[in-house]
Structure formats: C-alpha cells, structure tokens
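Taking this note's numbering as reference, the numbering of the sequence shown is continuous, increasing by one, and the terminal residue is 427. Where a beta carbon is used, it is the ideal one built from N, C-alpha and C, also for glycine. Please read all numbers here as calculations on a predicted model, not as lab measurements. Heads up, the thing below is written out as structure tokens.
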Amino acid sequence: MKTVVITGASSGIGLEVARILTRKGFNVLGIGRSEINCNRAEEKILSENPDAKITYFLADLMQQREVIRVAEEITLYLNQKSNGELYALINNAGCVRSWYMTTEEGYEQQFALNHLAGFLLTYKLLPALIKAHGRVIMTGSESHKGIKVHWDDVMLRCRYNPLTAYKQSKLCNILFAKGLNDRYAAHGIRAYVVDPGLVKTDIGNKETGFLVNLIWTLRKMHGVPPEVPANTYAFLCKQETPPDGLYYYLCKEKDYSRQITRENADRLFELSERLCGIKYESPVCLRPEQHSSKHEGVMVK
Ligand SMILES: NC(=O)c1ccc[n+]([C@@H]2O[C@H](COP(=O)([O-])OP(=O)(O)OC[C@H]3O[C@@H](n4cnc5c(N)ncnc54)[C@H](OP(=O)(O)O)[C@@H]3O)[C@@H](O)[C@H]2O)c1
127 MKTVVITGAS SGIGLEVARI LTRKGFNVLG IGRSEINCNR AEEKILSENP DAKITYFLAD
187 LMQQREVIRV AEEITLYLNQ KSNGELYALI NNAGCVRSWY MTTEEGYEQQ FALNHLAGFL
247 LTYKLLPALI KAHGRVIMTG SESHKGIKVH WDDVMLRCRY NPLTAYKQSK LCNILFAKGL
307 NDRYAAHGIR AYVVDPGLVK TDIGNKETGF LVNLIWTLRK MHGVPPEVPA NTYAFLCKQE
367 TPPDGLYYYL CKEKDYSRQI TRENADRLFE LSERLCGIKY ESPVCLRPEQ HSSKHEGVMV
427 K
C-alpha cells in the first residue's frame with residue numbers, strides 16, 4: 127500500500143484530499159495542529175469508510191522545531207510500516223493573516239507556514255521520497271500571478287501588506303516545486319503545484335481580523351466545495367507514470383507566472399536553506415541511509 131503524507135489534513139482542502147486518497151486505497155498520514163479537528167476528521171473519514179487507512183500526527187507547522195519533530199515521528203512510522211518509503215508528500219497547510227505576525231524564529235507567519243514549513247518538511251522526508259521515487263505536491267494559488275518575490279525584505283517587515291505576503295508565499299510554492307524538479311527529477315522525484323481555484327473553506331476566518339473575516343465570508347460563497355480541487359491531487363497521485371507538467375488546475379496543466387525561472391527558484395532555495403538552517407544535499411550524495419537528520423540551527427534574517 128502506498129503511503130501519502132498530507133499537511134493541513136484536518137479541514138478544508140486537505141481533509142477532502144485525505145478522504146479521496148483513502149477511498150482510492152492509499153495509506154494516509156495526516157498532519158494537523160488541533161487534536162479536536164484531527165479527531166473529528168479521522169472520525170468523519172472512518173465513518174464513511176471503516177477500512178480507510180488514516181493516521182493523524184499533531185504539529186504546529188508554523189514552528190520549525192515542530193516540523194522537525196513530526197518529520198522524525200513520520201520517518202519512524204515509515205521505517206516500521208512502509209519499508210522507509212514515502213510515495214507522496216502534499217504540502218497543503220496554509221494560513222491567511224490580517225497583520226504582521228511572526229513565529230518564534232521571528233519569521234512572518236504566512237511565509238513561515240505556507241512556504242518554509244513545506245520546504246523543511248520535504249527536506250526531512252527526502253530520503254523516504256527518494257526511496258519511493260515519490261511525488262511532492264504543493265497547494266498553490268492563482269493569486270501568485272502579478273507579483274515578485276521581495277528579495278531584499280522577504281518578510282515584508284518594512285511595508286507589510288497581508289495580501290502581498292500571502293501572494294508571495296504562493297509564488298514561493300511554485301518556485302520551490304521548480305527547484306525540486308531541477309535538482310531531483312533525474313533521480314525519480316517529481317514536484318507539482320495544484321491551483322485549487324476559489325474554494326469554500328474557512329481559511330480567511332481563522333485568526334484574522336474583522337475586515338478580512340468579512341471579505342472572506344462574502345468571497346467564499348462563490349467558491350467550489352473542496353471535493354473539486356481534491357480530484358486534482360488524486361489525479362497526480364494515481365498516474366503510474368508521473369505527469370510532466372508543473373502547475374495543475376482541474377486535472378489539467380495551466381499557465382503560471384513568468385517569475386518562475388531557474389534563477390528565481392535557485393535564489394529561493396538558497397534563501398530558504400539559510401532560513402531553515404539546512405542544506406539540501408546533492409542528489410548523487412543523498413542515499414536514504416546516509417542522510418543526516420541534523421538540524422543546524424536557525425538564523426533570523
Ligand atoms: N480556499 C481557497 O479558496 C484557496 C485558494 C487557493 C489556495 N488555497 C490554499 O489551500 C491550502 C489549504 O487551505 P484551505 O482553504 O483548505 O483552508 P483551511 O480549511 O483553513 O485548511 C488549512 C489547514 O491547515 C491547517 N493549519 C493551519 N495552521 C496550521 C499550523 N500552524 N500548523 C499545522 N497546520 C495548520 C489547518 O488546521 P485547522 O483545521 O486546525 O485549522 C487546516 O487543516 C492553503 O495552502 C491555502 O493557501 C486555498
């Protein structure tokens with residue numbers, strides 16, 4: 127049975143992806159930050175499909191030490207129950223903010239959760255992904271278009287705009303997927319981004335202020351149910367031969383921003399490595415059994 131890790135699997139799009147993948151026979155490891163939401167999600171999946179293979183892990187992925195801890199728990203699980211192999215990692219957890227808020231490392235929260243958490247988790251699970259010739263799927267957004275990465279102030283400390291921070295984090299999802307493909311496609315790993323469209327979830331109603339809450343409540347009324355984008359993740363996981371594209375919407379390739387270049391992808395990779403205190407090893411050196419799990423400390427930038 128193929129094992130898939132999904133972050134943000136306790137509600138919204140991630141929960142639907144967990145439901146559909148368990149129905150299709152995958153062993154799903156969901157990550158969520160709230161015990162109550164994870165238990166509720168697990169009960170929902172099992173009540174519809176008592177044979178579903180679903181296990182939840184708790185972690186606040188906003189904090190790097192939590193990403194590292196849960197990655198180590200999952201690696202242990204994979205070594206014991208899945209021959210050390212991870213077939214797919216879906217970096218989906220995300221948030222919206224109304225104000226400049228930081229993590230314990232001092233990083234802007236949307237950048238930290240929407241981009242850096244997936245970057246660090248993928249690094250930690252890379253040996254298991256390499257072993258399975260696995261797939262990495264990011265949840266992106268159409269909103270990445272019409273924006274550039276603010277290289278000289280990536281946390282937007284000088285002039286904070288929460289929408290710009292969100293859009294930039296979604297641009298980073300695609301740059302990271304490209305960076306992974308540039309480095310590891312020849313070694314069997316494929317990375318993708320799913321654009322879910324406008325989806326009826328509560329993302330803009332969590333930890334946001336009155337205005338963002340109100341705008342999102344009105345906007346999400348026009349959204350599709352999470353089952354709609356969930357099909358695209360299932361499509362990318364089910365294909366025996368990994369599809370060639372990078373950015374997918376409704377199971378089809380879609381155009382993305384011209385900011386997605388090798389130069390920008392490399393630049394983001396190096397910056398993210400520094401912000402996470404890690405160094406992705408060269409694919410030729412990286413064999414699962416040799417990979418070091420050492421985390422070298424975090425540098426606030
Ligand atoms: N909804 C849309 O229209 C839309 C459009 C484009 C892209 N997206 C992207 O889709 C992804 C999923 O969003 P959604 O719309 O499904 O929203 P959602 O229902 O709020 O789901 C977000 C998930 O991430 C989890 N999460 C939030 N903060 C976390 C943290 N610190 N640590 C661990 N997990 C955390 C949430 O847990 P809880 O259950 O505890 O809240 C939830 O499981 C995001 O990356 C978002 O940017 C959404």
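{"Query": "For ligand 1, is there any heavy atom lying closer than 7 angstroms to the beta carbon of A144?", "Result": "no"}
{"Query": "Quick check: does the Cβ of A135 come within less than 7 angstroms of any heavy atom belonging to ligand 1?", "Result": "yes"}
{"Query": "According to the neighbour-count rule (16 or more other Cβ atoms, all chains shown, within 10 Å of its Cβ), is D186 buried or exposed?", "Result": "buried"}
{"Query": "Which runs of the beta strand (DSSP E) fall wholly inside the region 252 to 317 and span at least 3 residues, in chain order?", "Result": "261 to 265"}
{"Query": "Return the bridge partner residues of F183 from the DSSP annotation.", "Result": "I157"}
{"Query": "Do you know offhand how far I315's Cα is from N240's?", "Result": "21 angstroms"}
{"Query": "Buried or exposed for E234, going by 16 or more other Cβ atoms inside 10 Å?", "Result": "buried"}
{"Query": "Enumerate, from N- to C-terminal direction, the unbroken alpha helix (DSSP H) stretches of 4 or more residues contained entirely within the region 325 to 408.", "Result": "336 to 345, 353 to 364, 388 to 402"}
{"Query": "Is C284 buried or exposed, if buried means 16 or more other CB atoms sit within 10 Å of its CB?", "Result": "exposed"}
{"Query": "Since A197 is in the alpha helix (DSSP H), which residue starts that stretch and which ends it?", "Result": "190 to 207"}
{"Query": "With V325 and Y373 assumed to form a contact (beta carbons below 8 angstroms), what rounded beta-carbon distance in angstroms separates them?", "Result": "Not a contact, Cβ separation roughly 17 angstroms."}
{"Query": "Quick one: what's got a C-beta closer than 6 angstroms to E407's C-beta in the same chain, skipping five residues either side?", "Result": "none"}
{"Query": "Measure the alpha-carbon distance for L247 versus F336 and round it to whole angstroms.", "Result": "32 angstroms"}
{"Query": "On the three-state DSSP scale, how would you describe V222?", "Result": "coil"}
{"Query": "If you draw a straight line from the alpha carbon of L255 to that of K207, how long is it in whole angstroms?", "Result": "15 angstroms"}
{"Query": "Skipping 5 residues on each side, what residues in its chain have a beta carbon closer than 8 angstroms to that of D392?", "Result": "G305, D308"}
{"Query": "Quick one: give me the first and last residue of the alpha helix (DSSP H) that L141 is part of.", "Result": "138 to 149"}
{"Query": "Can you check DSSP and say which residues form a bridge with I216?", "Result": "I132, I263"}
{"Query": "When the Cβ atoms of the region 175 to 183 are set against those of the region 152 to 159, are three or more pairs found closer than 8 angstroms?", "Result": "yes"}
{"Query": "Of the residues I132, T265, A317, which one's Cα is nearest the Cα of G323?", "Result": "T265"}
{"Query": "Cβ atoms of F302 and L212: under 8 angstroms apart, would you say?", "Result": "no"}
{"Query": "Contact criterion: CB-CB distance below 8 angstroms. Does Q189 meet it with respect to chain C?", "Result": "Protein chains in the displayed structure number just one, and chain C is not present."}
{"Query": "Could you tell me whether the Cβ atoms of G349 and V338 are closer together than 8 angstroms?", "Result": "no"}
{"Query": "DSSP state of T248, grouped into three classes?", "Result": "helix"}
{"Query": "In angstroms, rounded to a whole number, what distance separates the CA positions of E161 and L184?", "Result": "7 angstroms"}
{"Query": "Going by alpha carbons, who is nearest to S136 out of E168, K128, K332?", "Result": "E168"}
{"Query": "E234 by DSSP, collapsed to three states: which one?", "Result": "strand"}
{"Query": "Considering only heavy atoms of ligand 1, does any lie closer than 7 angstroms to the CB of C221?", "Result": "yes"}
{"Query": "Cβ-heavy atom distance between V319 and ligand 1 below 7 angstroms?", "Result": "no"}
{"Query": "Compare the Cα-Cα distances from L401 to each of I146, G140, A243 and report the closest residue.", "Result": "A243"}
{"Query": "Could you tell me which residues DSSP pairs with T229 in its beta bridges?", "Result": "DSSP, once it has assigned bridges, lists no residue as partnering T229."}
{"Query": "For the pair the region 278 to 293 and the region 363 to 382, tell me if three or more CB-CB distances fall below 8 angstroms.", "Result": "no"}
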